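Mapping the sequence shown onto our numbering, position 60 (from 1) lands on 47, and the numbers just tick up by one. Don't be surprised by glycine CBs; every beta carbon is placed ideally from N, CA and C. Keep in mind the model is a prediction, meaning the values are calculated, not measured.
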Amino acid sequence: AWRRGDADSGSPEYQIAGMTERITYLTQHLRATPKDFSTRRGLLALVNKRRRLLNSLFAENQTKYSEIVGALGIRHKAPSRVQSREEQYGPVNKRR
């Protein structure tokens, strides 16, 4: 459903949808076998890779980002703009 064409396997939307499917499968597996630490490590790597893809998709196309997050039910906080030191802490007195 998220493919751009018939031969598409590399678009971020398709990759995110595929990763979400694998993440839900691995989550169910870990509920059944809670001591499987190698699978837990792989799941964390997969979640982080999906997060990076979602961040890049947000920077590229925000409407597509909100559409895919809503449709797949992903909890993801969109990246915020990095603040400068003055914006974060206010004006600073220079004593020298």
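**Study point:** Closest by C-alpha distance to Val34, when choosing among Gln75, Thr14, Ser67 and Ser(-2)
**Key:** Your numbering for residue 34 matches position 47 in the sequence shown. Ranking Gln75, Thr14, Ser67 and Ser(-2) by Cα distance to Val34 puts Thr14 first.
**Study point:** Unbroken alpha helix (DSSP H) run spanning Val56, endpoints
**Key:** Mapped onto the sequence shown, residue 56 falls at position 69. Unbroken alpha helix (DSSP H) run through Val56: Gln49 to Leu59.
Practice item. Evaluate Leu41 with the Cβ neighbour count: other Cβ atoms within 10 Å of its Cβ, from every protein chain shown; 16 or more gives buried, anything less gives exposed. Key: Locating residue 41 in the sequence shown gives position 54, where the first residue counts as 1. Classification for Leu41: buried.
Check your understanding: Got a sec? Which residues, its chain only, sit under 6 angstroms from Arg(-10) by beta carbon, not counting five neighbours each side?
Key -> For this step, residue -10 is matched to residue 3 along the sequence shown. If we look at Arg(-10) and ignore the five residues flanking it on each side, its Cβ neighbours are Tyr1.
Practice item. Counting only the same chain and skipping the five closest in sequence on each side, list residues whose C-beta sits under 6 angstroms from that of Ala65. Key: Counting from 1 along the sequence shown, the entry for residue 65 is found at position 78. Correct list, in chain order: Phe45.
Review point. Helix, strand or coil for Val34 per DSSP?
Key: By 1-based counting over the sequence shown, the position of residue 34 is 47. Correct three-state label for Val34: helix.
Practice item. Would you identify the three-state DSSP class for Asn80, choosing helix, strand or coil? Key: Within the sequence shown, the letter at position 93 stands for residue 80. Of the three classes helix, strand and coil, the one that applies to Asn80 here is coil, per DSSP.
**Study point:** CB-CB length for Ile10 against Leu30, believed under 8 angstroms
**Key:** If you number the sequence shown from 1, residue 10 lands on position 23. If you number the sequence shown from 1, residue 30 lands on position 43. Ile10 to Leu30, Cβ: 7 angstroms. Contact.
Review point. Would you report the Cα separation of Gln49 and Arg39, rounded to the nearest angstrom?
Key: For the purposes of this step, residue 49 is taken as residue 62 along the sequence shown, with counting starting at 1. For the purposes of this step, residue 39 is taken as residue 52 along the sequence shown, with counting starting at 1. The straight-line gap from Cα to Cα measures roughly 14 angstroms.
Review point. Looking at the structure shown, is Arg75 part of a helix, part of a strand, or coil, going by DSSP?
Key: Here residue 75 refers to the residue found at position 88 of the sequence shown. Checking the sequence shown, residue 75 turns out to be Gln, not Arg. In the structure shown, Gln75 sits in a helix (DSSP, three-state: H, G or I).
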